[in-house]
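Trainee: Before anything else, here's the structure in question.
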Amino acid sequence: MNSANQNPQHGYLDRLVAQAQRFLLRWRLQRELRQAATTALTWLFVFPLLLLLVRVVTGASTPVNLWMVAALALLGPVLYVLWRVARQYLQYRPGRRTGLALFDSQLDSKDRLVTADEFMDEGADDRSAGSSHAFKQAAVDDAGQYVNRALQTSLDALPMPEWRVRPLSWLGVPAALVVIALLIWGIGGSGAVLQDTDEERLASAVEADAVPDTAGPQRLAMRRDPRRTQEPQPDPLLTTERPQEQAKPSPQRSRNEEAAEGQSNAGSAAMAQSSSNSSSAAGQPSSQKNASKPGEQEASPEEKKKKDSAAKKRAKPPQQNAQMTMEATTGQGKSGGSSSSVAEFEVPQQPDQLGAGLKEDEQAEETEDEDEEEKSSGVTKPGLRDRKAPVDRNASPSPTGKESRDDLNGRGGPGSRKKTRGVPSMILGIPIADRVQGKPSPGRSKVTQENAKPTAESHPSAAAQERMARNEPAGHLEQQRLLPWMQALIRDYFMSVHEQAAAARGADAGPDAGPDEGAGGSR
Amino acid sequence: MNSTSTASAHDARQEAAHFQSTYAGIKAQIGRMMVGQEEVIDGVMTALLAGGHVLLEGVPGLGKTMLVRCLSQAVNAKFSRIQFTPDMMPADIQGTSVLMETDKGHELRFQEGPLISNLVLADEINRATPKTQSALLEAMQERQVTVGRRTIKLEEPFCVLATQNPVEQEGTYPLPEAQLDRFLFKLVVGYPREEDYEAILDRTTGDKEVQIESAADAQEIARLRHVVRAVPVPSHAKRYAIHLVMGTQPESPYAPQMVNEYVALGSSPRGAQSLLLAAKVRALVGGRFAVSVADIKDVALPVLRHRLMVNFHGQSDGITDEKVVKAVLEHVREPNEVR
Numbered sequence: 001m002n003s004a005n006q007n008p009q010h011g012y013l014d015r016l017v018a019q020a021q022r023f024l025l026r027w028r029l030q031r032e033l034r035q036a037a038t039t040a041l042t043w044l045f046v047f048p049l050l051l052l053l054v055r056v057v058t059g060a061s062t063p064v065n066l067w068m069v070a071a072l073a074l075l076g077p078v079l080y081v082l083w084r085v086a087r088q089y090l091q092y093r094p095g096r097r098t099g100l101a102l103f104d105s106q107l108d109s110k111d112r113l114v115t116a117d118e119f120m121d122e123g124a125d126d127r128s129a130g131s132s133h134a135f136k137q138a139a140v141d142d143a144g145q146y147v148n149r150a151l152q153t154s155l156d157a158l159p160m161p162e163w164r165v166r167p168l169s170w171l172g173v174p175a176a177l178v179v180i181a182l183l184i185w186g187i188g189g190s191g192a193v194l195q196d197t198d199e200e201r202l203a204s205a206v207e208a209d210a211v212p213d214t215a216g217p218q219r220l221a222m223r224r225d226p227r228r229t230q231e232p233q234p235d236p237l238l239t240t241e242r243p244q245e246q247a248k249p250s251p252q253r254s255r256n257e258e259a260a261e262g263q264s265n266a267g268s269a270a271m272a273q274s275s276s277n278s279s280s281a282a283g284q285p286s287s288q289k290n291a292s293k294p295g296e297q298e299a300s301p302e303e304k305k306k307k308d309s310a311a312k313k314r315a316k317p318p319q320q321n322a323q324m325t326m327e328a329t330t331g332q333g334k335s336g337g338s339s340s341s342v343a344e345f346e347v348p349q350q351p352d353q354l355g356a357g358l359k360e361d362e363q364a365e366e367t368e369d370e371d372e373e374e375k376s377s378g379v380t381k382p383g384l385r386d387r388k389a390p391v392d393r394n395a396s397p398s399p400t401g402k403e404s405r406d407d408l409n410g411r412g413g414p415g416s417r418k419k420t421r422g423v424p425s426m427i428l429g430i431p432i433a434d435r436v437q438g439k440p441s442p443g444r445s446k447v448t449q450e451n452a453k454p455t456a457e458s459h460p461s462a463a464a465q466e467r468m469a470r471n472e473p474a475g476h477l478e479q480q481r482l483l484p485w486m487q488a489l490i491r492d493y494f495m496s497v498h499e500q501a502a503a504a505r506g507a508d509a510g511p512d513a514g515p516d517e518g519a520g521g522s523r
Numbered sequence: 001m002n003s004t005s006t007a008s009a010h011d012a013r014q015e016a017a018h019f020q021s022t023y024a025g026i027k028a029q030i031g032r033m034m035v036g037q038e039e040v041i042d043g044v045m046t047a048l049l050a051g052g053h054v055l056l057e058g059v060p061g062l063g064k065t066m067l068v069r070c071l072s073q074a075v076n077a078k079f080s081r082i083q084f085t086p087d088m089m090p091a092d093i094q095g096t097s098v099l100m101e102t103d104k105g106h107e108l109r110f111q112e113g114p115l116i117s118n119l120v121l122a123d124e125i126n127r128a129t130p131k132t133q134s135a136l137l138e139a140m141q142e143r144q145v146t147v148g149r150r151t152i153k154l155e156e157p158f159c160v161l162a163t164q165n166p167v168e169q170e171g172t173y174p175l176p177e178a179q180l181d182r183f184l185f186k187l188v189v190g191y192p193r194e195e196d197y198e199a200i201l202d203r204t205t206g207d208k209e210v211q212i213e214s215a216a217d218a219q220e221i222a223r224l225r226h227v228v229r230a231v232p233v234p235s236h237a238k239r240y241a242i243h244l245v246m247g248t249q250p251e252s253p254y255a256p257q258m259v260n261e262y263v264a265l266g267s268s269p270r271g272a273q274s275l276l277l278a279a280k281v282r283a284l285v286g287g288r289f290a291v292s293v294a295d296i297k298d299v300a301l302p303v304l305r306h307r308l309m310v311n312f313h314g315q316s317d318g319i320t321d322e323k324v325v326k327a328v329l330e331h332v333r334e335p336n337e338v339r
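Those protein sequences? They're chains A and B, same order as listed.
Quick note, the first sequence lines up with residues 1 to 523 if you use my numbering.
Quick note, the second sequence lines up with residues 1 to 339 if you use my numbering.
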């Protein structure tokens with residue numbers, strides 16, 4: 001320890017530092033608590049969600065206690081706030097100078113305490129600095145009275161953020177409620193339901209396929225009826241035709257269902273394919289892979305279009321289609337589970353969407369017919385169905401002029417063949433040759449358009465210092481031009497004056513100058 | 001604390017007290033003639049005692065020239081005034097060799113120009129050509145004048161107090177950056193307050209002549225400048241000054257968005273030197289023995305405002321040097337700030 005540290009002020013400063021550090025840590029923890037509270041509600045749903053996931057994965061079927069779930073939901077925010085505060089407690093260490101600066105700012109002592117602390121730490125090693133050292137000593141002495149004042153002062157409270165919750169954090173509440181609801185009435189308590197619904201869904205799907213008009217309401221009724229959920233009534237069709245291994249609860253069910261969800265979206269084309277080749281498709285579920293083989297992907301769009309239209313023309317009416325799907329399903333053997341899912345997802349589409357699909361098919365056929373007619377005749381018919389891309393009205397042609405732009409189809413927009421005469425040349429934004437009479441084309445005039453809205457700008461009164469200098473000369477005064485008679489008059493006047501003066505000089509020179517004098521006098 | 005350090009601290013206190021009294025005396029003498037303009041008077045005196053030069057900017061009739069004249073009378077130093085004009089040559093201010101007739105015959109003698117003085121009032125400095133303006137560079141920075149093979153050391157204190165009129169820009173030559181950087185302060189002289197007008201009219205239109213007595217002399221000023229240099233700067237204040245200067249430089253880590261967008265050229269390290277020197281004077285005037293962050297903040301605007309160059313976008317958007325400096329002051333955090 002150097003001599004400076006023996007200064008009693010050093011001990012006082014240590015006390016102040018300890019006091020300020022305690023104060024700052026307390027303030028920081030309180031602030032952290034309030035800041036954490038702003039986002040803590042977001043964590044309400046986290047633990048219930050975890051519980052839900054655990055129950056889904058493990059397939060637990062025990063009922064869930066509501067109060068336990070509520071406590072679990074509250075655990076998230078509490079743990080989050082505790083974690084933030086603990087982290088702050090472990091990480092935040094207010095520095096020595098920061099603590100003294102707190103007293104400096106409160107006492108308005110202009111950094112005297114911080115400066116004195118620094119100069120005391122420098123100690124006696126700095127004495128070679130001469131008069132600067134003397135000033136440092138003076139600074140330390142000067143800080144003494146402020147140290148005494150600081151020791152008697154308690155620190156004022158620092159600004160603290162208000163207790164509030166961010167608007168987005170409130171989303172945690174409905175999210176938690178949803179998760180809790182799922183836990184209590186939904187997936188969490190439905191271990192038995194999961195096992196039962198496999199067969200039930202299959203049965204409802206088959207019924208729906210068989211009678212499309214009533215399938216939807218029936219399925220809904222089946223699902224809503226708790227008795228049916230608890231006491232499944234096997235379909236006679238299934239009990240007779242399906243193999244026995246389907247009856248036992250299958251762990252593969254979820255995987256099959258997922259596969260079916262991925263594959264069943266192959267659409268009606270896949271379904272049509274399987275129905276048209278009923279003998280071969282019977283053992284294979286409808287799959288998207290069939291519709292999108294690599295070889296087919298490489299086919300040109302026109303060929304694809306033709307194939308699609310041909311397939312659509314061969315497509316059967318919906319009821320017949322559904323019947324064939326059912327037949328194929330019943331003869332599938334082990335892949336029956338996936339086929340049942342297919343049927344379940346396809347059935348609701350039958351009445352409406354297939355009809356809409358037919359309309360679209362008809363439109364596509366008409367469009368193709370028109371295209372073929374246009375190609376054969378070589379004439380573009382305007383006013384037909386507008387199915388082309390909107391016209392690009394960009395006025396700038398391609399930089400090289402060689403590239404052809406497909407979007408510039410000549411309907412109002414300028415292309416590379418744009419005219420530079422006539423009405424189009426008068427429209428702004430179309431570059432035209434700037435020809436000046438007598439000069440061989442000095443160049444092109446380029447018109448640049450900007451999409452800018454005029455905005456009103458305030459015009460404050462100019463301050464004296466912003467006044468501009470005079471930027472024009474004051475001007476010069478022209479001499480007045482005299483008329484000839486005025487010039488003659490002035491000339492005569494000065495001539496007479498001159499002659500009069502000459503005569504006077506002559507009279508003074510000798511007595512013989514009498515007539516001159518007389519003449520001068522007469523004038 | 002031993003007796004040596006106590007004695008030295010006592011000396012420092014005495015020197016600081018003497019500084020304060022001298023400062024107050026000079027200011028009081030100037031105040032006998034000048035009414036209001038407290039900030040400008042403080043700025044001029046701070047620059048004089050910090051060993052810097054001042055650029056005064058304001059419209060005509062605000063008392064810029066009178067302020068400098070009063071200061072020269074109050075400090076009783078050699079004073080010369082140069083009215084800059086476009087046809088002025090460097091030799092007109094530095095001096096030149098003149099052929100003189102002596103008893104021994106004809107002899108070339110060096111005739112000193114008005115620049116060789118203690119206080120130089122460069123009135124309307126922006127009316128001189130860059131060639132003549134450049135003649136001031138060596139004198140302002142090196143404190144010497146070189147004419148031909150002759151180099152003349154200028155006496156301490158040497159202080160250039162230049163004035164310029166911001167409104168009449170026709171026929172003027174804006175000061176180059178190198179010249180502007182050599183001024184410690186750029187002080188903007190504004191219009192007086194309403195309550196000051198009456199006193200101004202009484203003092204300038206009455207029959208009573210105001211006499212200004214000298215409160216110090218050139219040697220005294222030179223000695224006070226040494227006292228200023230002895231004032232220590234704690235590390236946190238030094239760091240703050242550095243951050244402020246770096247904050248004016250585009251793309252520096254301390255630069256606010258406004259600097260990155262609108263400033264073409266920031267302050268040089270000379271700006272940081274000027275900040276500390278001026279802050280030392282403020283600390284002594286405030287009765288303290290070391291520089292504080294508040295002192296640096298006080299002098300930041302007059303020190304930094306003329307060391308920035310606002311780019312074209314900034315000018316078109318109405319961004320001024322003052323706005324930039326204020327943005328830097330708001331953006332740069334004070335050291336030891338509780339957060």
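Where is the CB? At the ideal position from N, CA and C, for every residue including glycine.
Bear in mind the structure is a predicted one, so any value in this text is a computation, not a measurement.
Would you call the segment 31-41 of chain A and the segment 165-173 of chain A touching, i.e. three or more CB-CB distances under 8 Å?
Mentor: Touching, per the Cβ criterion.
Trainee: Suppose contacts are defined by Cβ-Cβ distances below 8 Å. Is B:Val332 in contact with B:Leu265 by that definition?
Mentor: No, Cβ-Cβ distance for B:Val332 and B:Leu265 is not below 8 Å.
Trainee: Would you kindly report the start and end of the unbroken beta strand (DSSP E) that includes B:Lys153?
Mentor: Counting along the chain, the beta strand (DSSP E) containing B:Lys153 begins and ends at Arg150 to Lys153.
Trainee: For B:Val147, which of helix, strand or coil comes out of DSSP?
Mentor: It is a strand residue.
Trainee: Comparing C-alpha positions only, which one of A:Leu25, A:Thr455 and A:Asp141 sits nearest to A:Arg93?
Mentor: Minimum Cα distance to A:Arg93 is reached at A:Leu25.
Trainee: Taking the CB atoms as reference points, tell me whether B:Ala162 and B:Leu56 lie closer together than 8 Å.
Mentor: Yes, these two residues count as a Cβ contact at 8 Å.
Trainee: Is the shortest distance between the beta-carbon of A:Glu118 and the beta-carbons of chain B less than 8 Å?
Mentor: Answer yes: the Cβ-Cβ gap between A:Glu118 and chain B drops below 8 Å somewhere.
Trainee: Give a yes or no on whether 8 Å exceeds the smallest Cβ distance from A:Phe45 to chain B.
Mentor: No, because no Cβ of chain B sits closer than 8 Å to the Cβ of A:Phe45.
Trainee: With a threshold of 8 Å, are at least 3 pairs of Cβ atoms found where one atom belongs to the segment 179-189 of chain B and the other to the segment 57-70 of chain B?
Mentor: Cβ pair count under 8 Å is three or more, so yes.
Trainee: Give the interface partners of B:Asn126 over in chain A, defined as CB-CB distance under 8 Å, in chain order.
Mentor: Correct list: empty, because the minimum Cβ distance to chain A is about 12 Å.
Trainee: Any contact of the segment 9-17 of chain A with the segment 73-89 of chain A, i.e. 3+ C-beta pairs under 8 Å?
Mentor: Counting Cβ pairs under 8 Å, fewer than three are found: no touch.
Trainee: In this structure, does DSSP put B:Glu330 in helix, strand or coil?
Mentor: In this structure, B:Glu330 counts as helix in the three-state DSSP scheme.
Trainee: Hey, quick one: how far does the beta strand (DSSP E) through B:Ala122 stretch, first residue to last?
Mentor: Per DSSP, B:Ala122 belongs to the beta strand (DSSP E) from Leu119 to Asp123.
Trainee: Report yes or no: is there a C-beta of chain A within less than 8 Å of the C-beta of B:Ser97?
Mentor: For B:Ser97, the answer is no, since every Cβ of chain A falls outside 8 Å of its Cβ.
Trainee: Which of the three DSSP states is assigned to A:Ala456 in this structure?
Mentor: Coil, per DSSP.
Trainee: Would you call the segment 108-117 of chain A in contact with the segment 277-297 of chain B, where contact means no fewer than 3 C-beta pairs closer than 8 Å?
Mentor: Verdict: yes, contact present.
Trainee: Give a yes or no on whether 8 Å exceeds the smallest Cβ distance from A:Asp14 to chain B.
Mentor: Not an interface residue.
Trainee: Strictly below 7 Å CB to CB, what residues from chain B border A:Ser154?
Mentor: Going along chain B, no residue has its Cβ under 7 Å from A:Ser154, so there is no contact; the nearest lies around 16 Å.
Trainee: Can you tell me whether B:His313 is buried or exposed? The criterion is at least 16 other CB atoms within 10 Å of its CB, across all chains shown.
Mentor: With fewer than 16 other Cβ atoms within 10 Å, it is exposed.
Trainee: Helix, strand or coil, according to DSSP, for A:Pro35 in the structure here?
Mentor: A quick correction: the sequence has Gln, not Pro, at residue 35 of chain A. If DSSP states are grouped into helix, strand and coil, A:Gln35 belongs with the helices.
Trainee: Report buried or exposed for A:Ala139, applying the criterion of at least 16 other Cβ atoms within 10 angstroms of its Cβ.
Mentor: Result: buried.
Trainee: Could you please give me the residues that DSSP links to B:Met309 through a beta bridge?
Mentor: Paired residues: B:Leu265.
Trainee: Measuring only between beta-carbons, confirm whether A:Asp111 sits less than 8 Å from chain B.
Mentor: So, interface residue.
Trainee: Mind checking B:Thr204: buried by the 16 CB within 10 Å criterion, or exposed?
Mentor: So B:Thr204 counts as exposed.
Trainee: For the segment 15-30 of chain B, enumerate the residues whose C-beta is nearer than 9 Å to any C-beta of chain A, in chain order.
Mentor: From the segment 15-30 of chain B, only Glu15 and Ala16 have a Cβ closer than 9 Å to chain A.
Trainee: As an exercise, report each continuous alpha helix (DSSP H) stretch of at least 4 residues that is fully enclosed by the segment 98-158 of chain A, in chain order.
Mentor: With a minimum length of 4 residues, the continuous alpha helix (DSSP H) runs that stay inside the segment 98-158 of chain A are 112-122 and 131-151.
Trainee: Grab the span of the alpha helix (DSSP H) containing B:His236 for me, first residue to last.
Mentor: Residues Ser235 to Gly247.
Trainee: Going by C-alpha distance, which of B:Val147, B:Gly25, B:Val98 and B:Asn126 is nearest B:Ile116?
Mentor: The option with the nearest alpha carbon to B:Ile116 is B:Val147.
Trainee: What residue range does the beta strand (DSSP E) around A:Val81 cover?
Mentor: Careful: A:Val81 lies outside any beta strand (DSSP E), inside the alpha helix (DSSP H) at Leu66 to Gln91.
Trainee: Any beta carbon of chain A sitting closer than 8 Å to that of B:Pro234?
Mentor: At least one chain A Cβ lies under 8 Å of B:Pro234.
Trainee: Would you call A:Pro453 buried or exposed, if buried means 16 or more other Cβ atoms sit within 10 Å of its Cβ?
Mentor: The amino acid at residue 453 of chain A is misidentified as Pro; the sequence shows Lys. The residue is exposed, with fewer than 16 neighbouring Cβ atoms inside 10 Å.
Trainee: Figure out for me which residue from B:Asp321, B:Lys297, B:Val227 and B:Pro302 has the closest Cα to the Cα of B:Ala12.
Mentor: Nearest option by C-alpha distance: B:Val227.
Trainee: Can you give me the Cβ contacts of B:Met140 inside the same chain, cut-off strictly under 6 Å, excluding the 5 residues immediately before and after it?
Mentor: Around B:Met140: His53, Val160 and Arg182.
Trainee: Given a limit of 7 Å on CB to CB distance, which residues of the segment 130-160 of chain A reach chain B?
Mentor: Per Cβ criterion, the list reads Ser131, Ser132, His133, Ala134, Phe135, Lys136, Gln137, Ala138, Ala139, Asp141, Asp142 and Leu158.
Trainee: Check each residue of the segment 75-106 of chain A: if its Cβ is closer than 7 Å to any Cβ of chain B, include it; give the result in chain order.
Mentor: Taking 7 Å as the Cβ-Cβ cut-off against chain B, the residues of the segment 75-106 of chain A that qualify are Arg97, Thr98, Ala101 and Leu102.
Trainee: Could you pull the start and end residues of the beta strand (DSSP E) that B:Leu185 belongs to?
Mentor: Sequence inspection shows Phe at residue 185 of chain B; the Leu mentioned does not correspond to that position. Phe185 to Val188 is the extent of the beta strand (DSSP E) around B:Phe185.
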